[in-house]
């Protein structure tokens, strides 16, 4: 840049142009980039975890089928042990399938389902 003379106006640098959409897109891309598994060991670990979750879900489904096959009620009364076993089996199956719900929230709805099934069985046995 040359030195200005006494009455000459100063040269101002041209203003930089900034594209906000492009800038924000670049910021989001920097934040949300999830790297692929870097190593073979990491890929194998993910595959084993996936296989383990599938195995746990199948086991929970089998337990639920066994619990659902038990008689929950008769004309004489309710079998509370079988009802609780059914509720716990429902919770285990849902916890294996759904991530992020607590046991406390699941057991409440499972007990309602189990008692509804027991009442239906008792009504069916009475008729």
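In our numbering, the protein residues as written are 2 to 128.
Glycine is no exception: its CB is placed at the ideal position from the N, C-alpha and C atoms.
In this structure, residue 94 sits near residue 65, with a CB-CB distance shorter than 8 Å. Between the C-alpha atoms of residue 30 and residue 63 there is a straight-line separation of about 44 Å.
Residue 87 sits close to residue 73, with the two beta carbons spaced by under 8 Å. Annotation: residue 100 is outside any alpha helix (DSSP H) and is labelled neither H nor E by DSSP.
Residue environment: residue 84 is assigned as buried (16 or more neighbouring CB atoms within 10 Å of its CB, all protein chains considered).
Under the three-state reduction of DSSP, residue 76 is assigned to coil, being neither helix nor strand.
In this structure, the CA atom of residue 24 is about 17 Å from the CA atom of residue 16.
Judged by DSSP secondary structure, residue 64 falls within the alpha helix (DSSP H) whose first and last residues are 41-70.
Here residue 42 is exposed, its C-beta having fewer than 16 other C-beta atoms within 10 Å.
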